[in-house]
Amino acid sequence: MINMFAVPDSQRAAVAIVTNPDREVLLQLRDDIAGIVHPGCWGFPGGSLEAGEDPLVAIKRELHEETGMHVKAARPLFELVDALDDGGNGKLLTVFHIHYAGPVQDLVVGEGRELRFFPLSRLPSKVPSHVAEAVSRFLEDSAKPTVAQ
């Protein structure tokens, strides 16, 4: 288990699994230019934490910047590592779930080339490994029965 307090903010990011009522996930097609993380791939909206920033504040800020979405509620799900290169460099991602009921046409492409909803069971072929892992964990967690107390 990773001690999240030992990871500097510069190596942390917040991303969101944004789902709609049709159980589809919102992905962003990243620009295909050198120097950015995962160029030309479909990924979650989100981004790096600013110095001293809480992951919840970061995901709300990033979603507004990247999609125009005003997030009122975001549920933290889990943390995972996005291995950015073979040298062991990466970021610790805090993954949130956000439910979005509006049409994709109301979203604004603030970064990247496109925003699109995909069925959770059929992701596009060009996704980073952390996206596939996060969706798999999300589906496993949502399939677990809820126990009433």
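Note that the sequence shown covers residues 1455 to 1603 in this note's numbering.
In this text, a Cβ means the ideal position worked out from N, Cα and C, and glycines have one as well.
The model shown is predicted, which means the values in this text are computed figures rather than measured ones.
Judged by DSSP secondary structure, S1583 falls outside any beta strand (DSSP E) and instead within the alpha helix (DSSP H) spanning 1583-1597. In the structure shown, the three-state DSSP call for V1563 is coil. The criterion of a C-beta distance shorter than 8 Å is not satisfied by A1505 and K1514.
For E1478, DSSP records a beta bridge to P1573. A contact between stretches requires three or more CB pairs, one per stretch, nearer than 8 Å, and the segment 1485-1497 meets this requirement with the segment 1572-1584.
In the structure shown, the three-state DSSP call for V1549 is strand. In the three-state scheme derived from DSSP, where H, G and I count as helix and E and B as strand, E1516 is classed as helix. Between E1520 and Q1482, the CB-CB gap stays under 8 Å. In the structure shown, S1464 adopts helical secondary structure according to DSSP, grouped into three states. V1525 carries a coil assignment under DSSP once its states are collapsed to helix, strand and coil. In the three-state scheme derived from DSSP, where H, G and I count as helix and E and B as strand, P1530 is classed as strand. A distance below 8 Å separates the beta carbons of R1466 and K1545. Comparing alpha-carbon positions, the option among G1566, D1508, P1557 lying closest to V1491 turns out to be G1566.
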